[in-house]
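Just so you know, the numbering used here puts 107 at position 85 of the sequence shown, and the rest follows in order with no gaps.
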Amino acid sequence: MAQDRRFMWRALELARRGQPYVAPNPMVGAVIVKDGQIVGEGFHEEFGGAHAEVNALKMAGEKAKDATMYVSLEPCCEAFEGKKTPPCAPQVIAAGLKRVVVAIEDPHPTVKG
Numbered sequence: 023m024a025q026d027r028r029f030m031w032r033a034l035e036l037a038r039r040g041q042p043y044v045a046p047n048p049m050v051g052a053v054i055v056k057d058g059q060i061v062g063e064g065f066h067e068e069f070g071g072a073h074a075e076v077n078a079l080k081m082a083g084e085k086a087k088d089a090t091m092y093v094s095l096e097p098c099c100e101a102f103e104g105k106k107t108p109p110c111a112p113q114v115i116a117a118g119l120k121r122v123v124v125a126i127e128d129p130h131p132t133v134k135g
């Protein structure tokens, strides 16, 4: 539990780096941890750019397999007209993560899942 808190705090710290560049989207941070070590991290850097989860997965590479992702907002799971990036949930699944810890569910009615 303490480890979960520690890594979620890191995800929240990363999310703040997106301010004010991601508006009107939310600030989101993600951390990937394997064997107690951070192997990837990312945040939503700019409106229309890759989401935090994708940036963290890119950094982690193959180390994401069987790891845990801590993300400040539930990964988006649907595409819709006007959405600038593909949904993150399929990429999270494809990476083979063992566990995903989410701070809050996405309140957006189209992308929550």
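By construction, the Cβ of each residue, glycine as well, lies at the ideal position given by its N, Cα and C atoms.
For clarity, every value in this text was computed on a predicted model and none was experimentally measured.
Environment of Phe102 [buried if 16+ CB atoms lie within 10 Å]: exposed
As assigned by DSSP and simplified to three states, the class of Gln41: coil
Among Ser94, Ala82, Gly64, nearest to Pro129 - alpha-carbon criterion: Ser94
First and last residue of the uninterrupted alpha helix (DSSP H) at Met81: 74-82
Proximal residues to Pro109 (C-beta, below 8 Å), its chain only, five neighbours per side dropped: Pro97, Cys98, Cys99, Glu100, Ala101, Val133
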